[in-house]
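Each residue of the sequence shown is one higher than the last, beginning at 3 in the working numbering.
A short worksheet on the structure shown next.
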Amino acid sequence: MNQLAFALPKAELHLHIEGTFEPGLIFTLAERNGVQLPYPNVDALRRAYAFTDLRSFLDVYYAAMAVLRTERDFTELADAYLSRAREQGVVHVEMFFDPQAHTARGIPFATVIDGLWEAVRTSEARFGISASLIMCFLRDQSEESAFATLDEALPYGDRIVAVGLDSAEVGHPPSKFRRVFERALAEGWKTVAHAGEEGPPAYVWEALDLLRVSRVDHGVRSLEDPRLVARLRDERIPLTVCPLSNVKLRVVDTLADHPLRRMLDEDLVVTVNSDDPAYFGGYIGTNYAQVAQALHLDDAALLTLARNSFEASFIDVRTRDAYL
Ligand code: HPA
Ligand code: ZN
3 MNQLAFALPK AELHLHIEGT FEPGLIFTLA ERNGVQLPYP NVDALRRAYA
53 FTDLRSFLDV YYAAMAVLRT ERDFTELADA YLSRAREQGV VHVEMFFDPQ
103 AHTARGIPFA TVIDGLWEAV RTSEARFGIS ASLIMCFLRD QSEESAFATL
153 DEALPYGDRI VAVGLDSAEV GHPPSKFRRV FERALAEGWK TVAHAGEEGP
203 PAYVWEALDL LRVSRVDHGV RSLEDPRLVA RLRDERIPLT VCPLSNVKLR
253 VVDTLADHPL RRMLDEDLVV TVNSDDPAYF GGYIGTNYAQ VAQALHLDDA
303 ALLTLARNSF EASFIDVRTR DAYL
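If you want it as structure tokens, here you go:
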């Protein structure tokens with residue numbers, strides 16, 4: 003086992019909290035809330051984890067969320083992650099959440115954010131992990147729905163560090179949300195966006211130029227465009243790469259084919275993250291360990307990845323410099 007991969011203090015910057023929902027907890031909450039899942043038991047659910055692309059994953063991901071109903075459910079979801087993240091070396095996490103996936107089912111926005119916040123605000127004291135929230139808009143929903151979600155978030159502005167963009171990428175370019183992100187920036191939120199996972203490099207350009215993102219989530223397809231690579235390097239724009247996710251969702255065939263090493267060789271500010279670890283076969287330490295093995299990354303490269311994670315984070319500058 004690569005002990006350094008787990009022991010290195012690191013920031014997790016690409017983690018969907020709903021993607022940490024383990025089958026055991028899914029069925030516990032289904033029973034507690036009297037919700038019938040389309041899978042009879044844990045084994046049947048796990049058999050549905052044979053994904054062929056992003057869409058095939060999202061179908062299962064959204065189906066499992068149907069059991070999340072109360073504030074306590076959201077607290078328990080985040081607590082389950084936070085209580086186990088330290089053993090992966092996580093000392094800071096900026097977690098995504100998908101409010102529209104819950105409000106569309108009739109769960110009030112307040113239930114979602116109050117539940118998550120209870121876990122997040124007490125995480126440092128309980129687990130030694132500083133935590134913050136990034137609110138994602140679902141890009142396969144309308145601009146109008148994103149604006150309505152932004153309005154609902156305004157009273158909770160200081161609980162959210164940034165807004166992001168996730169869900170089915172192809173056909174839903176960042177430009178669709180230019181006006182929403184302009185408003186978010188005007189409200190003082192930072193911005194990030196999934197781009198260049200399944201979508202083309204043009205979507206990464208749009209995320210930079212139209213959404214003014216501080217970092218790009220995934221971004222692996224940026225390598226297809228040398229001008230884009232130069233821009234990312236010159237402006238030190240971080241990329242939150244998720245290797246095990248990319249294999250599970252068939253963005254790459256195997257870990258040995260993953261472009262992470264090329265991205266490091268191009269001097270990009272690349273970070274390694276877990277995306278939806280309950281679904282993709284491992285948490286962040288496992289992602290570090292498995293890329294180290296598959297791509298023959300030495301200890302110095304792992305250290306660079308961990309340092310990059312703090313440089314790329316939204317931690318306040320003085321705390322961040324202590325980690326660098
Ligand atoms: N990509 C896009 N949307 C998502 C993902 C992802 O990897 N995980 C959860 N929502
Ligand atoms: Zn993601």
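Every residue, glycine too, gets a C-beta built ideally from N, C-alpha and C.
Treat the numbers as computed from the prediction; the structure is a model and nothing was measured.
Per-residue burial, residue i [other beta carbons within 10 Å of its own, 16 or more giving buried]
| i | result |
| --- | --- |
| Thr321 | exposed |
| Gln38 | exposed |
| Gln292 | buried |
| Tyr137 | Checking the displayed sequence, the identity of residue 137 turns out to be Met instead of Tyr. The residue in question, Met137, is buried, as its Cβ has 16 or more Cβ neighbours within 10 Å. |
| Met97 | buried |
| Asp168 | buried |
| Met3 | exposed |
| Gly221 | buried |
| Arg107 | exposed |
| Glu208 | buried |
| Ser144 | exposed |
| Arg217 | buried |
| Asp81 | buried |
| Leu156 | exposed |
| Glu146 | exposed |
| Val69 | buried |
| Ala314 | buried |
| Glu14 | buried |
Local conformation of residue i per DSSP, three classes
| i | result |
| --- | --- |
| His18 | strand |
| Phe316 | coil |
| Glu96 | strand |
| Leu27 | helix |
| Ile286 | helix |
| Gly159 | helix |
| Ala186 | helix |
| Ala50 | coil |
| Leu6 | helix |
| Thr77 | helix |
| Thr321 | helix |
| Asp55 | coil |
| Leu326 | coil |
| Val62 | helix |
| Val194 | strand |
| Leu234 | helix |
| Val165 | strand |
| Ala13 | strand |
| Leu246 | helix |
| Leu241 | strand |
| Val253 | coil |
| Arg71 | coil |
| Tyr83 | helix |
| Glu33 | helix |
| Val172 | coil |
| Pro40 | coil |
Residue of the options minimising C-alpha distance to residue i
| i | options | result |
| --- | --- | --- |
| Gly199 | Lys250, Ala87, Asp211 | The question names Gly, but residue 199 in the sequence shown is Glu. When only C-alpha atoms are compared, the closest one is Lys250. |
| Asp278 | Val62, Arg214, Glu120, Tyr41 | Val62 |
| Asp116 | Ala280, Phe76, Leu167 | Phe76 |
| Glu334 | Tyr281, Ala133, Arg223, Ser169 | One cannot answer for residue 334 here, as it falls past the ends of the chain, which runs 3 to 326. |
| Ala324 | Val93, Glu237, Tyr285, Tyr205 | Val93 |
| Asn35 | Pro11, Ser315, Thr72 | Thr72 |
| Ala9 | Leu304, Arg223, Leu326, Asp318 | Leu304 |
| His260 | Asp269, Val231, Pro245 | Pro245 |
| Asp269 | Val95, Ala258, Thr306 | Thr306 |
| Asp160 | Gly173, Gly166, Arg264, Glu189 | Glu189 |
| Val271 | Asp255, Val319, Ala232 | Ala232 |
| Arg223 | Glu237, Ser315, Tyr205 | Tyr205 |
| Val114 | Gln143, Met67, Arg141, Glu146 | Met67 |
| Pro42 | Phe53, Thr54, Ile28, Ala52 | Ile28 |
| Asp219 | Pro202, Thr242, Ile286 | Thr242 |
| Ala148 | Ala32, Thr105, Gly130, Ser125 | Thr105 |
| Leu135 | Tyr158, Asp153, Ala150 | Tyr158 |
| Thr124 | Glu78, Phe111, Glu226, Leu230 | Glu78 |
| Asp211 | Leu225, Pro175, Glu226, Trp191 | Pro175 |
| Gln5 | Asp318, Leu297, Val319, Thr288 | Thr288 |
| Leu84 | Val122, Arg49, Phe99 | Val122 |
| Asp267 | Glu154, Leu299, Pro11, Gly283 | Leu299 |
Rounded Cβ spacing between residue i and residue j (contact assumed at less than 8 angstroms)
| i | j | result |
| --- | --- | --- |
| Gly91 | Ala280 | About 18 angstroms; that fails the 8 angstroms criterion. |
| Asn275 | Leu17 | 6 angstroms |
| Leu187 | Arg214 | 6 angstroms |
| Leu47 | Pro25 | 5 angstroms |
| Thr273 | Asn310 | 5 angstroms |
| Phe312 | Leu326 | 6 angstroms |
| Ile131 | Val182 | Not confirmed; about 30 angstroms, so no contact. |
| Val172 | Gly201 | 5 angstroms |
| Gln102 | Leu140 | 5 angstroms |
| Glu226 | Pro203 | 5 angstroms |
| Ala7 | Ala294 | 6 angstroms |
Proximity test, Cβ basis, 9 angstroms: residue i and chain C
| i | result |
| --- | --- |
| Lys192 | Note that chain C does not occur in the displayed structure, where there is just one protein chain. |
Original post:
Taking the runs of the beta strand (DSSP E) that are 3 residues or longer, which of them lie wholly in the region 196-226?
Top reply: 217-220
Subject >> Secondary structure, alpha helix (DSSP H): runs of 4+ residues fully inside the region 87-153 >> reply: 101-105, 111-123, 125-129
**OP:** Go through the region 257-313 residue by residue and report every complete run of the alpha helix (DSSP H) that reaches 4 residues or more, in order.
**Re:** 262-267, 279-282, 286-297, 301-313
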